[in-house]
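*Asks:* Residue numbers (our numbering), protein chains in the order written: chain A, 1 to 298; chain B, 299 to 596. For glycine and all other residues, C-beta sits at the position ideal for the given N, C-alpha and C.
(1) Taking C-alpha atoms, which residue in B/328, B/308 and B/461 lies nearest to residue 390 of chain B?
(2) Pull up the DSSP beta-bridge partners for residue 516 of chain B, would you.
(3) Checking the sheet assignment: what are the DSSP bridge partners for residue 394 of chain B?
(4) My output table needs one value for residue 205 of chain A: the three-state DSSP class, helix, strand or coil.
(5) Please report the distance separating the alpha-carbon of residue 556 of chain B from that of residue 45 of chain A.
(6) From what residue to what residue does the alpha helix (DSSP H) around residue 590 of chain B run?
(7) Going by CA-CA distance only, name the one from A/48, A/10, A/119 and A/114 that's closest to residue 66 of chain A.
(8) Let me see if you follow: with CB-CB separation under 9 angstroms, is residue 493 of chain B close to chain D or not?
(9) Contact between the segment 111–126 of chain A and the segment 439–456 of chain B is defined here as three or more beta-carbon pairs at a separation below 8 angstroms; is this criterion met?
(10) Is residue 330 of chain A near residue 102 of chain A, with beta carbons less than 9 angstroms apart?
(11) So residue 45 of chain A is in the alpha helix (DSSP H); what residue range does that whole segment cover?
(12) Among A/128, A/289 and A/100, whose alpha-carbon lies nearest the alpha-carbon of residue 69 of chain A?
(13) Rounded to whole angstroms, what is the Cα-Cα separation between residue 15 of chain A and residue 304 of chain B?
(14) Can you find the residues in the same chain that come closer than 6 angstroms, C-beta to C-beta, to residue 311 of chain B, ignoring five residues on each side of it along the sequence?
(15) Given that a residue counts as buried once 16 or more other Cβ atoms are within 10 Å of its Cβ, and exposed if not, what is residue 196 of chain A?
(16) Go to residue 574 of chain B, then tell me how far its alpha helix (DSSP H) extends in each direction, as first and last residue.
(17) Could you list which residues in chain A have their beta carbon closer than 8 angstroms to that of residue 459 of chain B, in chain order?
(18) Count Cβ pairs between the segment 502–522 of chain B and the segment 463–472 of chain B that sit closer than 8 angstroms; are there 3 or more?
(19) Run down chain A in chain order and give the residues with a C-beta less than 9 angstroms from the C-beta of residue 557 of chain B.
(20) Apart from the five residues just before and just after residue 443 of chain B, which ones in its own chain have a Cβ nearer than 8 angstroms to its Cβ?
(21) Determine whether the Cβ of residue 192 of chain A lies closer than 9 angstroms to any Cβ atom of chain B.
(22) Mapping DSSP to helix, strand and coil, what is residue 440 of chain B?
(23) Taking only the alpha-carbon atoms, compute the straight-line gap between residue 453 of chain B and residue 59 of chain A and give it to the nearest angstrom.
(24) What residues from chain A crowd round residue 422 of chain B, counting only those whose CB sits closer than 7 angstroms?
(25) When you compare only the Cα positions, how much space is there between residue 535 of chain B and residue 384 of chain B?
(26) Of all the residues that make up the segment 306–317 of chain B, which are near chain A by a beta-carbon distance shorter than 9 angstroms?
(27) Would you say residue 173 of chain A reaches chain B, if we count a Cβ-Cβ gap shorter than 9 angstroms as a contact?
(28) In three-state DSSP terms, what is residue 433 of chain B?
(29) Check whether the Cβ atoms of residue 160 of chain A and residue 332 of chain B lie closer than 9 angstroms to each other.
(30) What would DSSP say about residue 454 of chain B, mapped onto helix, strand or coil?
(31) My output table needs one value for residue 337 of chain B: the three-state DSSP class, helix, strand or coil.
(32) By the criterion of Cβ-Cβ separation under 7 angstroms, what are the contact partners of residue 415 of chain B in chain A?
(33) Could you tell me whether the Cβ atoms of residue 226 of chain A and residue 265 of chain A are closer together than 9 angstroms?
(34) Out of B/403, B/380 and B/422, point me to the one whose CA is closest to residue 110 of chain A's CA.
(35) Output the distance between the C-alpha atoms of residue 299 of chain A and residue 206 of chain A, rounded to the nearest integer angstrom.
(36) Quick check: what's the CA-CA separation for residue 572 of chain B versus residue 424 of chain B?
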């Protein structure tokens, strides 16, 4: 099966799961307005890259998609919450995402803040709710891993550093090390967790988890470099969101130019692929995922 | 020891724990600005009622405070995150809390949104991080219980219903049942979980957990009725926040008048105390907590 088909199949599985989770929120008494806003922010497309990484990572250890679907959905819920909050007027102030109004444009600001809060909470609900069938030690490890990747030491912290640079001009002259740290927190941490989750689910040996973490780390950097390249080269119609906005932010690779960024991407792809060596041909889809992240057009 | 001293002792324990958790976020690489905002929203006073309920509930089953402190801190982190987000301009637009600037007044809106997000995430991190010493089945049950109480079916859902009433005038004529459900979700769910957490921690029998849930449910309703009374009777100097604002919101008891509210409170206190009968004198502090909630002056 071609990579794009595998990605679409994973996306289909996770979207069915996300829809079921949101239906259960409704059935459990969540207000219709809130659930609609959560649906808008969750079921309006997206590549579903992170849940696919969870499913593919789990498959390396013989786990079927059903066994990893709760974790895959939880990661995507965190990703979707972060997009809703990042788009808010007080943050990036984006009106459009994936060609549709952002949640605060469609539902208003307070509903968008609450929808993000509720999706973040639902991610942990989903991990813990799966525990009747799962090993509770695994559940606790997944909760800790997802929280660490998402919170002040991870994604939320990275967004803070990004907005400090953009809105406050702090630090005045960001070093390459600062920007790399910012990106590792903002984008990298959740990608790394997505890659590691399968190993956690399977109680895999530490070396296997570390190999996936290394792959995820290189993938995360590549994701960001590719993003910067798209921002330099892209046009609004292809990317589907406002282009050029990131130039005000701390971007590392824009400064070095297009060719340097492309060389960096090639090295990152080689590193990511090399990290998967212990898994043999079973990791081919993850190898292709690295190429997909690097050569995507939006 | 008098109730006020026991409450102060519990507050001292949980504040030390919260400070340590925030220090650990800093040490783990969280940005100083974000951690400062999290501290402002977490370590600026407050009654610490919810963590005291966790500690007292756990004590009923012979658990020492140290065994329940992670859960107590997690509940308070969720409470503090909710105050930060509720105070935002897009929600209740409050400038002052506990006599100090709210987090968005002190740090700006985007930092306040991120601080709330990071505190919510830290609550689950704290529950799961305790699992090395704890029974992972208990960890998973605590994560699920806290998520369910806090998310779209609980606190976030209740805040949505409250803002729909206040900002959108929906429903046009809220029924008593609607307002009771709103309050049970917005305030009650987290109080019920706080009361139940000790039973979860101790793997107590279902009847014991149910007795604490009943106590917590009555306490939650009483909390809200007392709040409405304070709003009717209070003045800004005593309450330490803007008074009279809630009259625009859906308040059940304001409409019935002061005397009806007082009679309702007496019945709720009797119910709450009765629910604790199985625990004998060990539950005396929880009995006093009901009186404290009902007769508090802010």
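*Replies:* Reading it off the structure:
(1) Taking the second chain and counting its residues from 1, the one referred to as residue 390 of chain B is at position 92. Comparing Cα positions, the closest option is B/461.
(2) Working through the second chain from its first residue, we reach residue 516 of chain B at position 218. Looking at the DSSP assignment, residue 516 of chain B forms no beta bridge with any residue, so it has no partner.
(3) Here residue 394 of chain B refers to the residue found at position 96 when the second chain is read from its first residue. In DSSP, residue 394 of chain B forms a bridge with B/399.
(4) Position 205 of the first chain holds residue 205 of chain A. Correct three-state label for residue 205 of chain A: coil.
(5) Against the second chain, residue 556 of chain B aligns to sequence position 258. Against the first chain, residue 45 of chain A aligns to sequence position 45. Residue 556 of chain B and residue 45 of chain A: Cα-Cα distance of roughly 52 angstroms.
(6) Position 292 of the second chain, counting from 1, holds the residue named residue 590 of chain B. Unbroken alpha helix (DSSP H) run through residue 590 of chain B: 582–593.
(7) Here the question's residue 66 of chain A lines up with position 66 in the first chain. The shortest CA-to-CA distance from residue 66 of chain A to any of A/48, A/10, A/119 and A/114 is the one to A/10.
(8) Note that chain D does not occur in the displayed structure, where the protein chains are A and B.
(9) In short, these stretches touch, since the Cβ pair count reaches three.
(10) Outside the displayed range of chain A (1 to 298) lies residue 330 of chain A, so it cannot be described from this structure.
(11) Mapped onto the first chain, residue 45 of chain A falls at position 45. For residue 45 of chain A, no alpha helix (DSSP H) segment is defined, and its DSSP state is neither H nor E.
(12) The count along the first chain starts at 1 and reaches residue 69 of chain A at position 69. A check of alpha carbon separations from residue 69 of chain A across A/128, A/289 and A/100 identifies A/128 as the nearest.
(13) If you number the first chain from 1, residue 15 of chain A lands on position 15. If you number the second chain from 1, residue 304 of chain B lands on position 6. For residue 15 of chain A and residue 304 of chain B, the distance between alpha carbons rounds to 49 angstroms.
(14) Looking up residue 311 of chain B in the second chain gives position 13. Cβ contact annotation for residue 311 of chain B (same chain, cutoff 6 angstroms, sequence separation greater than five): 363, in chain order.
(15) As a first step, residue 196 of chain A is located in the first chain; it is residue number 196 there, counting from the start. With 16 or more Cβ atoms within 10 Å of its Cβ, residue 196 of chain A is classed as buried.
(16) The residue you call residue 574 of chain B lines up with position 276 of the second chain. No alpha helix (DSSP H) holds residue 574 of chain B; DSSP gives it neither H nor E.
(17) If you number the second chain from 1, residue 459 of chain B lands on position 161. Those within 8 angstroms of residue 459 of chain B in chain A are 31.
(18) The segment 502–522 of chain B is not in contact with the segment 463–472 of chain B.
(19) Here residue 557 of chain B corresponds to residue number 259 of the second chain, with the count starting at 1. Per Cβ cutoff of 9 angstroms: no residues; residue 557 of chain B is ~32 angstroms from chain A at best.
(20) Within the second chain, residue 443 of chain B is the residue found at index 145, counting from 1. Counting only residues of its own chain and dropping the five nearest sequence neighbours on each side, residue 443 of chain B has a CB closer than 8 angstroms to the CB of 491, 494, 495 and 498.
(21) On the first chain, residue 192 of chain A is found 192 positions in, with the first residue counted as 1. Taking Cβ atoms only, chain B never reaches closer than 9 angstroms to residue 192 of chain A, which makes this a no.
(22) Stepping through the second chain from its first residue, residue 440 of chain B is reached at position 142. In this structure, residue 440 of chain B counts as helix in the three-state DSSP scheme.
(23) Within the second chain, residue 453 of chain B is the residue found at index 155, counting from 1. Within the first chain, residue 59 of chain A is the residue found at index 59, counting from 1. If you draw a straight line from the Cα of residue 453 of chain B to the Cα of residue 59 of chain A, it is about 37 angstroms long.
(24) In the second chain, counting from the first residue as 1, residue 422 of chain B sits at position 124. For residue 422 of chain B, the C-beta contacts it makes with chain A under 7 angstroms involve 124, 143 and 147, in order along the chain.
(25) Here residue 535 of chain B is taken as the residue at index 237 of the second chain, counted from 1. Here residue 384 of chain B is taken as the residue at index 86 of the second chain, counted from 1. The predicted position of residue 535 of chain B is uncertain, since its pLDDT is 47 and thus under 50; no value can be drawn from it.
(26) So the list is empty, because no residue satisfies the distance condition.
(27) Taking the first chain and counting its residues from 1, one reaches residue 173 of chain A at position 173. At a cut-off of 9 angstroms, the C-beta of residue 173 of chain A has no neighbouring C-beta in chain B.
(28) Your numbering for residue 433 of chain B matches position 135 in the second chain. Of the three classes helix, strand and coil, the one that applies to residue 433 of chain B here is coil, per DSSP.
(29) Within the first chain, the letter at position 160 stands for residue 160 of chain A. Within the second chain, the letter at position 34 stands for residue 332 of chain B. Note that the C-beta distance between residue 160 of chain A and residue 332 of chain B is below 9 angstroms.
(30) By 1-based counting over the second chain, the position of residue 454 of chain B is 156. Here residue 454 of chain B carries a helix assignment [DSSP, helix/strand/coil].
(31) Numbered from 1 along the second chain, position 39 holds the residue referred to as residue 337 of chain B. Note: residue 337 of chain B maps to helix in three-state DSSP.
(32) Position 117 of the second chain, counted from the first residue, corresponds to residue 415 of chain B. Here the neighbours are 85, 120 and 156.
(33) If you number the first chain from 1, residue 226 of chain A lands on position 226. If you number the first chain from 1, residue 265 of chain A lands on position 265. For residue 226 of chain A and residue 265 of chain A, yes; Cβs fall inside 9 angstroms.
(34) Working through the first chain from its first residue, we reach residue 110 of chain A at position 110. Nearest option by C-alpha distance: B/380.
(35) For residue 299 of chain A there is no data in the structure shown, the boundaries of chain A being 1 and 298.
(36) Here residue 572 of chain B refers to the residue found at position 274 of the second chain. Here residue 424 of chain B refers to the residue found at position 126 of the second chain. One alpha carbon belongs to residue 572 of chain B, the other to residue 424 of chain B, and they sit about 33 angstroms apart.
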